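Working notes, structure below.
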């Protein structure tokens, strides 16, 4: 959330109380006032260097004016000289402790300097001094939003919207409602704002809010409206993934493909497109999109899981996939899944090879993954498969047993363990494992639901980690 901007209180233009503390002839007083008004005009016109010179001269001629100190602090802040600005803003508060605007501006300055605790105190003091001050309420609400204290932002934002309804404050209030589980209130606020400002960001936020309310058709319509009004990367991503999450795969692919054309450097658009292809069983296309996502963001783990799944069904791009997972394993040398994915890509790509060296490398990578994360059940299961392929059935049975301990709901592990027991002549144990496998296999519909939830959670993780705004190609 953007930090609040320092505001110039309008009454500064009316008079100068430093004249009372520093008596001067009327001619000098008039000159000083004209000089101050010139500084105000230069500040408002963006002539900051000139305004700073004028105010520094005034500070020497008439020391002790909170208004000169305040304006000089704001000029320096506009020049991004926040440490220098702090000296003058603090002096303004010391000279006039009951000035709400000065305290609010000091609070904003302290926040920019990273002193959030002191900033909160000043912003609260400003509101206590003048509870009807719209700017003070808005500043405090925006401060809480910037600090991630969304629930605490709601009361001052509500108050500011009551005192003086505005688009930006209303949007922030609706956002705070939506993020704190008050979706109905968020929708009401957005609908009120839409009466006077029909913007893409409001439609996008209304889409998010409708999604939280379970109104998925309305959510998709709002995301679509936002994307048509402003085809930005976030809007196209939100529309496309909303369609994806709710199984509207052909239109999801169409929207995400268009987004990827406009924003080819967006990793999350590529991941979303890869998921859409994957879910529609277009595995070659899924692999290509997910490879591109991994190239764009090599250290982000989220593309690799579905890349491994799609590659398992489409090995035609083996060379590129192996190289991709090799790079990831090097980047994440202490990540168990990175080592596991690399092992699996090698195994899939080299299945027709007879080289024992490759199989030995795969075994080492599997064991490295287990050492890095002893709870990684898939690594035990696949190591068991590797031993089974080499007819080392006692070793395979040991790995399958460990996989089942870690993931007792995996039907494949019971089936493979049963096969290993059969080869070892342990028929009764094998039969028991086959029975468990059959019972779990019959629950495949629940696993299908689980898959849908998995993709939904994945998409939401991408949304919560939105990328920086990008320019279309």
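In the numbering used here, the protein residues as written are 2 to 474.
For glycine and all other residues, C-beta sits at the position ideal for the given N, C-alpha and C.
As the structure is a computational prediction, the values presented were derived from the model and not from experiment.
Cβ-based neighbour list, residue i, same chain, cut-off 8 Å, excluding 5 preceding and 5 following
i           : result
residue 366 : 330, 340, 341, 343, 344 and 347
residue 239 : 205, 208, 209, 224, 227, 228 and 464
residue 381 : 371, 400, 401, 403, 404 and 407
residue 165 : 135
residue 423 : 431
Residue i classed as buried or exposed, judged by whether at least 16 other C-beta atoms fall within 10 angstroms
i           : result
residue 87  : buried
residue 136 : buried
residue 324 : exposed
residue 409 : exposed
residue 391 : exposed
residue 332 : exposed
residue 61  : exposed
residue 68  : buried
residue 196 : exposed
residue 458 : exposed
residue 442 : exposed
residue 440 : exposed
residue 386 : buried
residue 236 : buried
residue 383 : buried
residue 305 : buried
residue 112 : buried
residue 174 : buried
residue 81  : exposed
residue 379 : buried
residue 140 : buried
residue 101 : buried
Beta-carbon proximity of residue i to residue j, cut-off 8 Å
i           : j           : result
residue 129 : residue 108 : no
residue 36  : residue 72  : no
residue 261 : residue 231 : no
residue 287 : residue 249 : no
residue 370 : residue 398 : no
residue 75  : residue 97  : no
residue 93  : residue 70  : yes
residue 307 : residue 279 : yes
residue 33  : residue 53  : no
residue 152 : residue 181 : yes
residue 177 : residue 146 : yes
residue 41  : residue 245 : no
Chain-order list of residues whose beta-carbon lies under 7 Å from that of residue i (same chain, five-residue window excluded)
i           : result
residue 220 : 208, 211, 212 and 243
residue 48  : none
residue 438 : 412, 415, 416 and 419
residue 138 : 128, 157, 160, 161 and 164
residue 374 : 337
Distance, residue j Cα to residue i Cα
i           : j           : result
residue 404 : residue 274 : 32 Å
residue 218 : residue 256 : 16 Å
residue 354 : residue 360 : With a pLDDT of only 47 at residue 354, under the threshold of 50, the placement of this residue in the model should not be trusted; the figure read from the coordinates follows. The straight-line gap from Cα to Cα measures roughly 9 Å.
residue 429 : residue 402 : 16 Å
residue 314 : residue 277 : 15 Å
residue 296 : residue 124 : 45 Å
residue 254 : residue 241 : 7 Å
residue 493 : residue 303 : Summary: the structure shown does not reach residue 493, with the chain confined to residues 2 through 474, and so no result is reported for it.
residue 336 : residue 432 : 37 Å
residue 133 : residue 120 : 20 Å
residue 321 : residue 293 : 10 Å
residue 44  : residue 56  : 10 Å
residue 110 : residue 170 : 20 Å
residue 192 : residue 172 : 11 Å
residue 326 : residue 291 : 12 Å
residue 188 : residue 328 : 45 Å
residue 186 : residue 159 : 11 Å
residue 103 : residue 194 : 31 Å
residue 299 : residue 363 : 22 Å
residue 83  : residue 183 : 37 Å
residue 77  : residue 118 : 22 Å
residue 319 : residue 377 : 24 Å
residue 272 : residue 301 : 11 Å
residue 115 : residue 289 : 44 Å
residue 368 : residue 425 : 24 Å
residue 203 : residue 435 : 55 Å
residue 259 : residue 122 : 48 Å
residue 216 : residue 99  : 49 Å
residue 309 : residue 149 : 35 Å
residue 89  : residue 39  : 19 Å
residue 46  : residue 79  : 12 Å
Contacting residues, own chain, Cβ-Cβ under 6 Å from residue i (five flanking each side not counted)
i           : result
residue 396 : 388
residue 349 : 316
residue 155 : 177
residue 198 : 168
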